[in-house]
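Asks: Taking the numbering used here, the leading residue of the sequence shown gets 1, the next gets one more, and so forth. My questions will all concern the structure given below.
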Amino acid sequence: MSATPVTASDLAAQIDAAAHAAEARVIAWRRDFHANPELGNREFRTAGIVAEHLRALGFDEVRTGVAHTGVVGLLKGALPGPVVALRADMDALPVAEEVDLPFASKVKAEWNGAQVGVMHACGHDAHTAILMGVAEVLASQRGALRGTVKFIFQPAEELPPEGEEGGAKMMVEEGAMDNPRPAAIFGLHVTSRLPLNVVGYRPGPTMASADNLKITVRGSQTHGAMPWAGVDPIVTAAQVVLGLQTVVSRQVDLTREPAVVTIGTIHGGLRENIIPDSVEMRGTIRTFDEEMRDDIHERVTYLAEAISRSARAGCTVCIKKNYPVTVNDPALTEAMRPTLARVAGPNHLALVPKVTGSEDFSFFQRVVPGLFIFLGVTPEDKDVSKAAPNHSPRFFVDERCLVTGVRALSHLAADFLQHGASA
């Protein structure tokens with residue numbers, strides 16, 4: 001795609017009017033989803049509401065059960081043109097809500113064998129409601145709409161339960177991006193790290209890849225008073241944790257891209273006076289470059305095994321690749337920047353820094369060029385640096401952002417279709 005700026009769509013005024021007319025319904029949907037959150041691969045109620053809504057709007061096709069609970073809808077405009085896709089994620093998190101709201105979640109569910117509170121602590125309730133609003137807006141304008149809009153409502157962005165597949169990767173595998181294949185895909189994410197209605201964007205690598213790391217150090221159990229009679233995996237594991245910090249600080253070129261290696265859990269032993277047989281550590285690896293990603297995996301494995309071997313302990317390193325780097329296509333980003341500026345308004349469009357969080361929107365971007373943007377939800381009288389972050393039980397969404405989200409995705413789709421049709 002060329003980087004020719006996209007001009008304002010002739011539909012701009014009608015889209016804005018329709019978005020504002022739908023605002024109350026979007027807020028009501030968001031509150032309903034917030035009060036009734038569902039975990040990954042279990043979004044049965046949410047998906048049912050979405051599918052019913054798309055059918056009521058007269059969508060040309062509504063496909064359900066994609067990647068367990070995903071919904072894919074097709075809206076064909078009256079005029080010829082290309083295909084563009086819009087995506088929202090639907091799942092909640094195993095988090096007990098602490099926000100004092102009349103529609104706060106009191107839901108509990110099972111997650112990986114444990115009873116947990118469930119909350120839309122990452123704002124996917126807002127994403128789903130926003131895309132439902134976009135569906136309503138663009139359906140009302142289909143007589144003047146060029147091309148086709150594919151709506152993708154995705155489950156399990158926050159990872160499916162252990163032992164299950166799901167999310168964007170599975171949606172791609174099950175044909176969500178085929179028949180017809182879009183020329184581009186757009187998505188957004190609400191964030192407390194931006195003030196209300198500030199639209200954030202970044203070309204190129206934007207969100208990190210995410211990989212699970214599990215290291216098992218095997219020693220030889222002995223009495224805690226006689227460590228020389230065995231091999232201590234706890235001391236060895238401690239040396240491994242410290243050694244891993246040198247992978248990022250001393251072994252990779254951080255002037256090229258940032259990276260993170262974090263150990264989040266360590267488990268070993270049952271009593272204070274017994275040195276156990278083994279210690280298990282789990283962590284995460286974040287990178288912004290696929291070549292660096294593979295290099296760091298190799299260095300982490302070599303270092304953990306070498307340190308363990310020096311203590312005469314065994315070591316097994318398992319690294320599971322989860323999400324690739326979220327890379328916003330530079331040409332597409334530049335082409336759509338005027339649209340974002342128009343939607344955001346003066347002083348509300350921001351070039352944001354890289355985010356070490358991850359997003360499986362990246363799997364869609366491996367199929368077609370994509371642009372993933374951010375939408376600020378923190379009231380302007382609050383300090384964003386002190387606002388509860390996404391995934392916090394205190395995460396708060398100022399609902400005045402919702403209509404901006406509807407406008408952003410609606411205009412991105414309409415402008416892209418207009419540009420593609422006239423290119």
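Glycine included, C-beta positions come from ideal geometry on N, C-alpha and C.
(1) My output table needs one value for residue 97: the three-state DSSP class, helix, strand or coil.
(2) Using 8 Å as the cut-off, can you tell me whether the stretch 119 to 133 makes contact with the stretch 384 to 398, which would need three or more C-beta pairs spanning the two stretches below that distance?
(3) Apart from the five residues just before and just after residue 411, which ones in its own chain have a Cβ nearer than 8 Å to its Cβ?
(4) Residue 266 and residue 230 look like a contact to me (Cβ under 8 Å); what is the Cβ gap, rounded to whole Å?
(5) Within the chosen definition, does the stretch 182 to 189 reach the stretch 79 to 92 through at least 3 CB pairs nearer than 8 Å?
(6) Quick check on this structure: which residue in 112, 325 and 381 has the alpha carbon closest to the alpha carbon of residue 40?
(7) Where does residue 318 land, buried or exposed, given buried means 16+ other C-beta within 10 angstroms?
(8) Is the stretch 36 to 54 touching the stretch 154 to 167, taking contact as three or more C-beta pairs under 8 Å?
(9) What are the residues that DSSP puts in a beta bridge with residue 115?
(10) Using only CA atoms, which one of 350, 417 and 407 lies nearest to residue 200?
(11) Could you give the distance in angstroms between the alpha-carbon of residue 357 and the alpha-carbon of residue 105?
(12) DSSP state of residue 34, grouped into three classes?
(13) Tell me the residue span of the alpha helix (DSSP H) that contains residue 53.
(14) Could you name each continuous alpha helix (DSSP H) segment of 4 residues or more that falls completely within the stretch 266 to 317, going from the start of the chain to the end?
(15) Cβ of residue 18 within 8 Å of Cβ of residue 141?
(16) Using 8 Å as the Cβ pair cut-off and three pairs as the minimum, do the stretch 216 to 236 and the stretch 303 to 323 touch?
(17) Closest by CA to residue 246, which one among 403, 362, 299 and 179?
(18) What's the gap between the Cα of residue 171 and the Cα of residue 400?
(19) Kindly identify the DSSP beta-bridge partner or partners of residue 374.
(20) Between 143, 63, 91 and 35, which lies nearest to residue 100 when the distance is taken from Cα to Cα?
(21) Kindly indicate which residue of 176, 250, 222 and 88 has the alpha-carbon position closest to the one of residue 133.
(22) Of all the alpha helix (DSSP H) runs that stay within the bounds of the stretch 224 to 253, which reach a length of 4 or more residues?
(23) Would you identify the three-state DSSP class for residue 146, choosing helix, strand or coil?
(24) What is the residue span of the alpha helix (DSSP H) that residue 337 lies within?
(25) Alpha carbon to alpha carbon, what distance is there between residue 263 and residue 271?
(26) Taking 8 Å as the threshold (C-beta atoms), are residue 285 and residue 296 in contact?
(27) From what residue to what residue does the alpha helix (DSSP H) around residue 169 run?
(28) In whole angstroms, what separates the C-alpha of residue 418 from that of residue 97?
Replies: Let's see:
(1) coil
(2) yes
(3) 9, 12, 15, 339, 342 and 343
(4) Contact check for residue 266 and residue 230: beta-carbon distance about 19 Å, past the 8 Å limit, so the pair fails to qualify.
(5) yes
(6) 112
(7) The residue in question, residue 318, is exposed, as its Cβ has fewer than 16 Cβ neighbours within 10 Å.
(8) Verdict: yes, contact present.
(9) DSSP lists 110 as partners of residue 115.
(10) 350
(11) Roughly 24 Å between the two C-alpha positions.
(12) If DSSP states are grouped into helix, strand and coil, residue 34 belongs with the helices.
(13) 44 to 56
(14) 290 to 310
(15) It is a contact, given that the beta carbons lie within the stated cut-off.
(16) yes
(17) 299
(18) 31 Å
(19) 189 and 200
(20) 35
(21) Residue 88 holds the alpha-carbon nearest to the alpha-carbon of residue 133 among 176, 250, 222 and 88.
(22) 233 to 246
(23) strand
(24) 330 to 344
(25) Taking the straight line from one Cα to the other gives about 23 Å.
(26) yes
(27) 167 to 173
(28) 42 Å
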